[in-house]
Amino acid sequence: MKKFEHILIASDIDGTLLWKSQYIHPRNFEKLRYFCENGGHFALSSGRNCKDIFVISEELQSYINMPCILCNGSYLFDFQTKELLNPYYVDPIPLIEAFQEMKRKYDHIGFRATVEEGFLCPEEDDIAIGFLRDSHLGDIAFQYPISEFADKKIFKAVFVSNDTQALRSLQNELHDHYKSVFDITTSDDTILEIMPLGISKKTQFPYLKQLYPHTELWCIGDFHNDVEMLSGADVAVCPANAVEEIKKICQLQVCHCKDGALAEMIDEIEKRIDGLHII
């Protein structure tokens, strides 16, 4: 058996592997190569979808050798077979209602929904389209009348704004009115995520464990949408820049994201296997 054959790694991207939407420490690639060459299984666990995930780095794809947890757990995607696995969807009718209600109060906040083809934005919403274009994702963003969202299979939806105070106020209102319909979380200070009720990154763990029995799942994440994932991991890890809520539930804290947090986690895994360090 190869050294890491019994280890699964599921890594968040933004704030964990990728810093400020643009920088991945080179040591992460070096250690990922070593981990995978020695039998390790690696996947991304992200709020991103299968269309936009590699806009950050094409090189990452060469290290992914198990299905990725995408849209915060709404589905798995096997990049080797291009197969979408175990999907869950948001109920579009109350989602449209929530958008229409909140847009009357927060007209400077953008809205988009994630589908298999990319992103849907209401036809009058230039804010969400602008955010996507700024992230080089305009080619997979499509505008439709909001009424047509009812016929779409939506994995999750997002309210987006640089006005973080308004976004938090919106979050509180959504929670008060729709907590029995959706799960509501945040993936950074500018993004409010609307998820199918009861679905999180952790949702896909039993499915992965069936695919890879007798393995140990190490997860690393930094923000509120990683809480369930880290709570359900065999070993929960966070970078030094993680929010306090995350730090409290992790067995291990590694260096800052910008300094190669994933690489340091792989070092810790190897130390544990070699018997030099016990968590």
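Here the sequence shown is numbered in the numbering used here, starting from 228 and rising by one per residue.
C-beta atoms are modelled at their ideal positions from N, C-alpha and C, and glycine is treated no differently.
Note that the coordinates shown come from a computational prediction; the quantities given were computed from them, not determined experimentally.
Residue i, DSSP secondary structure in three states
i	result
residue 357	helix
residue 424	coil
residue 263	helix
residue 295	strand
residue 442	coil
residue 281	helix
residue 349	strand
residue 487	coil
residue 237	strand
residue 504	Reliability of the predicted coordinates at residue 504 is poor, the pLDDT of 48 falling under 50, and the value obtained from them is presented with this limitation in mind. Three-state DSSP puts residue 504 in coil, outside helix and strand.
residue 469	coil
residue 498	helix
residue 258	helix
residue 435	helix
residue 386	strand
residue 480	strand
residue 242	coil
residue 287	helix
Nearest neighbour of residue i, chosen from the options [CA to CA]
i	options	result
residue 255	473, 466, 475	466
residue 367	412, 356, 239	356
residue 489	422, 252, 440	252
residue 248	404, 266, 417, 334	417
residue 384	309, 398, 478	398
residue 265	292, 230, 286	230
residue 496	258, 245, 437, 372	258
residue 405	334, 415, 422, 414	422
residue 445	412, 492, 411, 438	492
residue 401	332, 353, 363	332
residue 372	392, 351, 363, 364	351
residue 212	469, 381, 391, 479	This structure cannot settle anything about residue 212, because the visible part of the chain is limited to 228 through 506.
residue 280	317, 469, 344	344
residue 336	347, 353, 346	353
residue 263	272, 250, 288	288
Check whether residue i and residue j have beta carbons under 7 Å apart
i	j	result
residue 270	residue 295	yes
residue 471	residue 427	no
residue 242	residue 449	yes
residue 323	residue 376	yes
residue 464	residue 477	yes
residue 508	residue 342	The requested residue 508 is not part of the displayed model; the chain covers only 228 to 506.
residue 432	residue 386	no
residue 292	residue 303	no
residue 430	residue 235	no
residue 447	residue 238	yes
residue 297	residue 276	yes
Status (buried if at least 16 other CB within 10 Å, exposed otherwise) for residue i
i	result
residue 240	buried
residue 228	exposed
residue 290	buried
residue 504	Confidence in residue 504 is poor, its pLDDT being 48 and thus under 50, which makes the residue's placement unreliable; the coordinate value appears in the next sentence. It counts as exposed.
residue 506	The predicted model places residue 506 with a pLDDT of 45, which falls under 50 and marks its position as unreliable; any figure quoted below should be read in that light. Residue 506 is exposed by the Cβ-count criterion.
residue 420	buried
residue 487	buried
residue 425	exposed
residue 274	buried
residue 282	exposed
residue 267	buried
residue 452	buried
residue 278	buried
residue 389	exposed
residue 374	exposed
residue 410	buried
residue 498	exposed
Continuous alpha helix (DSSP H) stretch holding residue i: start and end
i	result
residue 454	454-459
residue 247	Segment: none, residue 247 is in no alpha helix (DSSP H) and carries neither H nor E.
residue 393	391-405
residue 340	Not the alpha helix (DSSP H): residue 340 falls in the beta strand (DSSP E), residues 337-342.
Near the ligand PLP: residue i beta-carbon under 6 Å from a heavy atom
i	result
residue 289	In the structure shown, the ligand PLP is absent, as is every other ligand, since no ligand is present at all.
Residue i: first and last residue of the uninterrupted beta strand (DSSP E) it sits in
i	result
residue 370	368-371
residue 310	310-312
residue 332	Note, residue 332: premise wrong, no beta strand (DSSP E); alpha helix (DSSP H) at 319-332.
residue 305	302-305
residue 272	Note, residue 272: premise wrong, no beta strand (DSSP E); not H, not E.
residue 415	409-415
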